[in-house]
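**Q**
There are 2 protein chains.
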Amino acid sequence: MELTDRKKQILKIVVDGYIATAEPLGSKAIAEKMPGKISSATIRNELAELVELGYLEQPHTSSGRIPTPKGYRLYVNELMEQHTLSAEETASINASLGGKMAQVDQLVSQAGQMVSRFMGYPSYAMAEGRRDISVRRFELIAVDSGSFIAVVMLSDSRVKSQLMPLTLPVDGQTLPEISHLLNTHFTGIGPEEISRHLMNLTDQVSGQWFLLLNQVCDYARQLLQEAAHQSVFTTGASQLLKFPEFRDVDKAHDLMSFMVDNKENLPVPTGDSPMQILIGPENVNDALKESSVVIASYDIGENMRGLVGVVGPTRMDYATVAARLSYFAESLSRMFGAGQLPAKEDTKE
Amino acid sequence: MELTDRKKQILKIVVDGYIATAEPLGSKAIAEKMPGKISSATIRNELAELVELGYLEQPHTSSGRIPTPKGYRLYVNELMEQHTLSAEETASINASLGGKMAQVDQLVSQAGQMVSRFMGYPSYAMAEGRRDISVRRFELIAVDSGSFIAVVMLSDSRVKSQLMPLTLPVDGQTLPEISHLLNTHFTGIGPEEISRHLMNLTDQVSGQWFLLLNQVCDYARQLLQEAAHQSVFTTGASQLLKFPEFRDVDKAHDLMSFMVDNKENLPVPTGDSPMQILIGPENVNDALKESSVVIASYDIGENMRGLVGVVGPTRMDYATVAARLSYFAESLSRMFGAGQLPAKEDTKE
DNA sequence: TTTAGCACTCCTTGCCTCCGAGTGCTAAAG
DNA sequence: CTTTAGCACTCGGAGGCAAGGAGTGCTAAA
Numbered sequence: 005m006e007l008t009d010r011k012k013q014i015l016k017i018v019v020d021g022y023i024a025t026a027e028p029l030g031s032k033a034i035a036e037k038m039p040g041k042i043s044s045a046t047i048r049n050e051l052a053e054l055v056e057l058g059y060l061e062q063p064h065t066s067s068g069r070i071p072t073p074k075g076y077r078l079y080v081n082e083l084m085e086q087h088t089l090s091a092e093e094t095a096s097i098n099a100s101l102g103g104k105m106a107q108v109d110q111l112v113s114q115a116g117q118m119v120s121r122f123m124g125y126p127s128y129a130m131a132e133g134r135r136d137i138s139v140r141r142f143e144l145i146a147v148d149s150g151s152f153i154a155v156v157m158l159s160d161s162r163v164k165s166q167l168m169p170l171t172l173p174v175d176g177q178t179l180p181e182i183s184h185l186l187n188t189h190f191t192g193i194g195p196e197e198i199s200r201h202l203m204n205l206t207d208q209v210s211g212q213w214f215l216l217l218n219q220v221c222d223y224a225r226q227l228l229q230e231a232a233h234q235s236v237f238t239t240g241a242s243q244l245l246k247f248p249e250f251r252d253v254d255k256a257h258d259l260m261s262f263m264v265d266n267k268e269n270l271p272v273p274t275g276d277s278p279m280q281i282l283i284g285p286e287n288v289n290d291a292l293k294e295s296s297v298v299i300a301s302y303d304i305g306e307n308m309r310g311l312v313g314v315v316g317p318t319r320m321d322y323a324t325v326a327a328r329l330s331y332f333a334e335s336l337s338r339m340f341g342a343g344q345l346p347a348k349e350d351t352k353e
Numbered sequence: 005m006e007l008t009d010r011k012k013q014i015l016k017i018v019v020d021g022y023i024a025t026a027e028p029l030g031s032k033a034i035a036e037k038m039p040g041k042i043s044s045a046t047i048r049n050e051l052a053e054l055v056e057l058g059y060l061e062q063p064h065t066s067s068g069r070i071p072t073p074k075g076y077r078l079y080v081n082e083l084m085e086q087h088t089l090s091a092e093e094t095a096s097i098n099a100s101l102g103g104k105m106a107q108v109d110q111l112v113s114q115a116g117q118m119v120s121r122f123m124g125y126p127s128y129a130m131a132e133g134r135r136d137i138s139v140r141r142f143e144l145i146a147v148d149s150g151s152f153i154a155v156v157m158l159s160d161s162r163v164k165s166q167l168m169p170l171t172l173p174v175d176g177q178t179l180p181e182i183s184h185l186l187n188t189h190f191t192g193i194g195p196e197e198i199s200r201h202l203m204n205l206t207d208q209v210s211g212q213w214f215l216l217l218n219q220v221c222d223y224a225r226q227l228l229q230e231a232a233h234q235s236v237f238t239t240g241a242s243q244l245l246k247f248p249e250f251r252d253v254d255k256a257h258d259l260m261s262f263m264v265d266n267k268e269n270l271p272v273p274t275g276d277s278p279m280q281i282l283i284g285p286e287n288v289n290d291a292l293k294e295s296s297v298v299i300a301s302y303d304i305g306e307n308m309r310g311l312v313g314v315v316g317p318t319r320m321d322y323a324t325v326a327a328r329l330s331y332f333a334e335s336l337s338r339m340f341g342a343g344q345l346p347a348k349e350d351t352k353e
C-alpha cells in the first residue's frame, strides 16, 4: 500500500530533521515546516498512522517521532533529494585526489583515508581482486658478491622486489640462468604448484641453484598469499565519537573495535549496483545493527575493483554521503580506468 | 630531602591501588595493606605530608588520595617492582613476532600493531632513519612493448620497484643504456641534485631518452622524499575507551584525533636510554598532558632505529607495560640485528 | 610517635517536585 | 469525511533536598 503524498512529505521532514539534529520531531515543529497551513493536530493524526505503519516510532510515549529503519529505507529509495555537489565540494574532492598514488595497495588504503577525512565519518576500504593471481615474470639482479635483488611481477601487474642475501658467491652467469629457469617453470601457476615444481627439481639442479630457487620461490609464494588474502583498511574510527548516538562509550567502543578487529566482516556490496546503502538491521552483522553503511566501488583496471565504505549512525546524512561517495568513486574509476594503473596522471586535464 | 621508607611504602600502595582500580585510596584501605599493624590515623598523618610534598593529591576534600605526576615519577624511578614476564607472556610475544616481516616500512607498522594488541593500549610506531638517503642503484627491465619495470635500490638497502608505461616503443638496447646513464650520473645524490643533473642533460640526449629519464627520476625523487619524511603509524586508539578516565567522550575524542591527525608530534625519545617514560605534564604536548607515554626503540640494522610508543592514562600500568615493551624491543633488535632483514651491507665500495 | 575518638566535609544516591514538550482524544467546524 | 481547536494526560529531564557513607583533620590521651 502506498503512502499518501502528505504522509511522505511528513516522513521526509522527520528524517531530514532527525538527521540534522538527532532530536525527535514534534507535531508542531513539523507543522511549521509544512508548505501550506496545516494544524499540528492534523499532523498528529498522520503521525499516528505512520507509526502504525512502521515508518516512525517514538522513543517513549509523548515525545516526538524518529524514523525507523523502514522509514529510512523509504527515504533513501524515494524521498531523498539528490544532493548535488557544490563547486567547493568537487574542488575539494579533486584536490584530495590530486596526490599521486603509486602502489595499488596504497591506493586503496589512501582512498579510504580521503573518504573518511572528507566526509567526517569512519570508513573502510579494500580491493576486490580476482583470486587466481600468479607470477608473470621473475628477474634477478646482481648487486654485489653478497646480495641480489629479486623482482617479481604479478599477473595483476603489480611489481614487488626485495634485496636478498647470497649465501654463496656465484659467477656472472648464474643469476640470469636462474631467472630464465624461473620464468619458464614458475610463471602462471599458483603457490602450491610452485612448491610442487620446486620439489621436482631437487635432483636436477645443483644444491647451490636449488638454494637460490627456493629463496626466490619462498618470496613469490609469500606475495601470492598476500595478494589472495585481501586486506581491509579502516580509518577514522574516532570520528564516531562526534555523534551523539555514540556518547555512550560502550557502544562506541564496540563498533570501533569491530571495525578494527573484524574488518573482514565489514559488508561488501551484493549485486552489482555501483552504490549500496545498508540501514541498521539490514546489516547482517550484529555490531552494525544500529549503524548504517554506504558502500561504493570503483575500477582499478585489470579486473580489479576498489571498494570503499562509510560507516555512521542510522541517522547518517545519506543524501550528502551518497552524493559525495558516488562522485568520489566515479573520479577514481575515471582516473584509473582512463590512464592505466600505476602510471602517472600528472598530465591530466 | 628523602622520603622515609614508610612514606615510600604508602606511596607505592596508593599508586599500585590507583593503577589497578582508578579509585582514590583511603587511609583505612591503605592501613590494611600495610605490613605490620598501623592505624589509619597514622596513615592519615603520613598522607597529609605526602600531599604537602606534592606526591599525592585529593580530588576533593575528604576523599582518598591519588598520585600526582610527581608521585608517579618517583614510583617509576624507585618504587616500581620490576615486572618479570611470565612464561606465557614471553611465549605470547614470541608468537606475535613469529610472522615474517618483509618490508622495512611494514615492519615498523606491524611492530606497532603487535604492541597495541598485546598490551591493550594504543600505540604508535615510526622509523628513525638517517636523513641523507640517496639512490644506490637503478635497474630498468623491459616487460613488453608498452611498459617496463623500474627498480631502485636506496642507500639504506631498501629496494623499490614499479611498473611504468612506455610512451614510445624502444629498441632492445635503450633500456640498458639508460640504466647505465642513471647509474653513473644519478646515484649517491639527493633529490634536488637529481633534478639539477636532469636539467643539464636536456639538450645532450634525445627527447625520447629524456622522457624516460624523467619518468624514472620522478619516481626516485618521490622515493627519496618518502624516505626522508618519516611516517608514523598509530594503532589501537579505540583501546582508550576501555579506561574510565576516558569515559568522557570529548577527552577520548581529543586524544584519539590527536593520535591520528597529529602523529608527527608524538613524543620521540630524547637522550639515548633504550626506554623512556613520560608522565602527564612531562609531555610537552597539550593533548598529552593528562596521559602518559612509554617509548622504546630497537635496532633495524644499518643505522636505523625503530621506535614504538604506548599511550595511556597517567594511571597506566607502568611496571607491566615497561617490562613487556622492553622485552619486545629487545626481541626485535635481536631479530634484526642478528640477521636477516632487509639486508646487510657487507661490501663497502 | 602512635592511636582513638569525634566533628566535619563533600560526593553519591535516591526521592520528590515541577516544568514543558508532546501526545491522544473528543467535539465542533468546514 | 476531513480538519481543527481544546483539553487532560504522560513522561523525561532538571533542580532541590535529605540521608548515607567514605574519608578527612584535629585534638587529646597512651
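So the sequences go chain by chain: A and B. The first sequence: position 185 = 189 (the working numbering), numbered continuously. The second sequence: position 74 = 78 (the working numbering), numbered continuously. We treat Cβ as the ideally placed atom computed from N, Cα and C, and that holds for glycine.
Around the C-beta of G116 of chain A, are 16 or more other C-beta atoms found within 10 angstroms, so that it is buried, or is it exposed?
**A** Under this definition G116 of chain A is a buried residue.
**Q** Could you name the residues that DSSP lists as bridge partners for L170 of chain B?
**A** Paired residues: none, contrary to the question.
**Q** Does chain B have any CB closer than 9 Å to the CB of I153 of chain A?
**A** Output row for I153 of chain A: interface = yes.
**Q** Beta-carbon of T72 of chain A versus every beta-carbon of chain B: anything under 9 Å?
**A** Not an interface residue.
**Q** Report all residues from its chain with a CB closer than 7 Å to the CB of L215 of chain B; omit the five preceding and five following residues, and keep chain order.
**A** Here the set comprises T171.
**Q** Using a Cβ-Cβ cut-off of less than 8 Å, give me the residues of the stretch 164-175 of chain A that come near chain B, in sequence order.
**A** Within the stretch 164-175 of chain A, the residues whose Cβ lies closer than 8 Å to some Cβ of chain B are K164, S165, Q166, L167, M168, P169, listed in chain order.
**Q** Curious, which full-length alpha helix (DSSP H) runs of at least 4 residues does the stretch 225-300 of chain A contain?
**A** Runs found: 253-265.
**Q** Alpha carbon to alpha carbon, what distance is there between S261 of chain B and I299 of chain B?
**A** For I299 of chain B and S261 of chain B, the distance between alpha carbons rounds to 20 Å.
**Q** Under the assumption that Q234 of chain A contacts A131 of chain A (Cβ atoms under 8 Å), give the Cβ distance between them as a whole number of angstroms.
**A** The pair is a contact, with the Cβ atoms about 6 Å apart (cut-off 8 Å).
**Q** For a test of the three-state rule: what should DSSP assign to E143 of chain B, helix, strand or coil?
**A** If DSSP states are grouped into helix, strand and coil, E143 of chain B belongs with the strands.
**Q** Which whole-angstrom value describes the C-beta separation of Y302 of chain A and G310 of chain A, a residue pair presumed to lie in contact below a C-beta threshold of 8 Å?
**A** Between G310 of chain A and Y302 of chain A the Cβ distance is about 5 Å, and since that is below 8 Å, they are a contact.
**Q** Just to make sure I have the definition right: I need the residues of chain A whose C-beta is within less than 7 Å of the C-beta of I17 of chain B. Which are they?
**A** Within chain A, no residue comes near I17 of chain B; the closest Cβ sits about 29 Å away, beyond 7 Å.
**Q** Hey, Y125 of chain A and T318 of chain A are a contact pair by Cβ (cut 8 Å); roughly how many whole angstroms apart?
**A** About 13 Å separates the two Cβ atoms, so there is no contact after all.
**Q** Does Q13 of chain B come within less than 9 Å of chain A when only Cβ atoms are used?
**A** Taking Cβ atoms only, chain A never reaches closer than 9 Å to Q13 of chain B, which makes this a no.
**Q** May I ask you to list, following chain order, the residues of the stretch 256-280 of chain B that have a beta carbon less than 7 Å from some beta carbon of chain A?
**A** Those would be A256, H257, M260, S261, V264, in chain order.
**Q** In terms of DSSP beta bridges, what is I153 of chain A paired with?
**A** Its beta-bridge partners are A:I145, A:L167.
**Q** Where F122 of chain B and M320 of chain B are concerned, what is the direct C-alpha to C-alpha distance, given to the nearest angstrom?
**A** Straight-line Cα distance between these residues: approximately 15 Å.
**Q** Below 8 Å on the Cβ atoms is my contact criterion, and I expect P169 of chain A with G150 of chain A to pass it. Report the Cβ-Cβ distance as a whole number of Å.
**A** About 6 Å separates the two Cβ atoms, so the contact holds.
**Q** At which residues does the alpha helix (DSSP H) containing A26 of chain A begin and terminate?
**A** That residue, A26 of chain A, is in no alpha helix (DSSP H); it is neither H nor E in DSSP.
**Q** Over what stretch of residues does the alpha helix (DSSP H) that includes P73 of chain B continue unbroken?
**A** Run containing P73 of chain B: 73-78, per the alpha helix (DSSP H) assignment.
**Q** Quick check on L89 of chain A: does DSSP put it in helix, strand or coil?
**A** Coil, per DSSP.
**Q** Tell me V314 of chain A's beta-bridge partners as DSSP assigns them.
**A** DSSP lists A:S127, A:V298 as partners of V314 of chain A.
**Q** Ends of the alpha helix (DSSP H) at I47 of chain B?
**A** Residues 44-57.
**Q** On a Cα-Cα basis, can you pick out the residue from B:S165, B:L15, B:L158, B:G58 that is closest to I137 of chain B?
**A** The shortest Cα separation from I137 of chain B among B:S165, B:L15, B:L158, B:G58 belongs to B:L158.
**Q** Report the three-state DSSP secondary structure of L158 of chain B (helix, strand or coil).
**A** Of the three classes helix, strand and coil, the one that applies to L158 of chain B here is strand, per DSSP.
**Q** Just checking: is the beta-carbon of L245 of chain A within a distance shorter than 9 Å of some beta-carbon in chain B?
**A** Yes - at least one Cβ of chain B is within 9 Å of the one on L245 of chain A.
**Q** Checking contacts by CB at 9 Å: is H242 of chain B closer than that to chain A?
**A** For clarity, residue 242 of chain B is Ser in the given sequence; the question names His instead. So yes, S242 of chain B belongs to the interface.
**Q** Let's see if you can read the secondary structure: which residues bound the alpha helix (DSSP H) around M203 of chain A?
**A** Run containing M203 of chain A: 195-205, per the alpha helix (DSSP H) assignment.
**Q** Suppose the cutoff is 8 Å on Cβ atoms and the five residues either side in sequence are ignored; what does the same chain contact list for Y22 of chain A look like?
**A** So the qualifying residues of the chain are P28, L29, I70, P71, R319.
**Q** Could you give the distance in angstroms between the alpha-carbon of N81 of chain A and the alpha-carbon of L245 of chain B?
**A** Using only the alpha carbons, I get a separation of about 36 Å.
**Q** I need the DSSP call for E61 of chain B, collapsed to helix, strand or coil.
**A** The answer is strand: DSSP assigns E61 of chain B an E or B state.
**Q** Any chance the stretch 85-98 of chain B sits against the stretch 51-67 of chain B, with 3 or more Cβ pairs inside 8 Å?
**A** Contact fails: fewer than three Cβ-Cβ distances are below 8 Å.
**Q** Inspect the CB distances between the stretch 271-279 of chain B and the stretch 327-340 of chain B and report whether three or more fall short of 8 Å.
**A** Yes: at least three Cβ pairs fall under 8 Å.
**Q** If you compare alpha carbons, which of A:T238, A:L167, A:R328 is closest to Q114 of chain A?
**A** Comparing Cα positions, the closest option is A:T238.
**Q** Between D350 of chain B and chain A, is the shortest Cβ-Cβ distance under 9 Å, so that the two count as touching?
**A** Residue confidence for D350 of chain B is low, a pLDDT of 37 falling below 50, so the modelled location carries little weight and cannot support an answer.
**Q** Whose C-alpha, out of B:I198, B:M203, B:F152, is nearest the C-alpha of T371 of chain B?
**A** This structure leaves residue 371 of chain B out entirely; chain B is present only between 5 and 353.
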